[in-house]
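Visitor:
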Amino acid sequence: MKELLEKGIKIFGTKTRFINWIETENEALGDVTPDSLLDSTQGLSIVYDLLMKIEANRVS
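Per numbering that gives the first Met the number 0, the sequence shown starts with residue 0, numbered consecutively.
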């Protein structure tokens, strides 16, 4: 979970922006909020993978 928070802050620039993102419904996740998936290992993995995709698109 700590790794996810650190990655999110790195990508979004601030903790506030990351928290905003994590609490907002996301089309890539089937219109659920990322935080609704964080109660399982599989959900954490899905959210982390999406963060990695976001990061890759911003770098490219």
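Beta carbons: idealized from backbone N, C-alpha and C, even for Gly. Computed from a predicted structure; not experimentally measured.
Cutting at 8 angstroms between CB atoms, please list the residues of its own chain near Ile-10, excluding the five before and the five after it.
Guide: As a first step, residue 10 is located in the sequence shown; it is residue number 11 there, counting from the start. The residues are Phe-17, Leu-50, Ile-53, Glu-54, Arg-57.
Visitor: Identify the residues that DSSP records as bridge partners of Val-31: which are they?
Guide: The count along the sequence shown starts at 1 and reaches residue 31 at position 32. Paired residue(s): Asn-25.
Visitor: Note down, in chain order, each residue of its chain lying with its Cβ closer than 7 angstroms to the Cβ of Ala-27, except the 5 sequence neighbours on either side.
Guide: The residue given as residue 27 occupies position 28 in the sequence shown. Here the set comprises Leu-49.
Visitor: Would DSSP call Ser-39 helix, strand or coil?
Guide: As a first step, residue 39 must be located in the sequence shown, where it is residue number 40. DSSP places Ser-39 in coil when its eight states are reduced to three.
Visitor: Determine the DSSP secondary structure at Met-0, reduced to helix, strand or coil.
Guide: Position 1 of the sequence shown holds residue 0. Correct three-state label for Met-0: coil.
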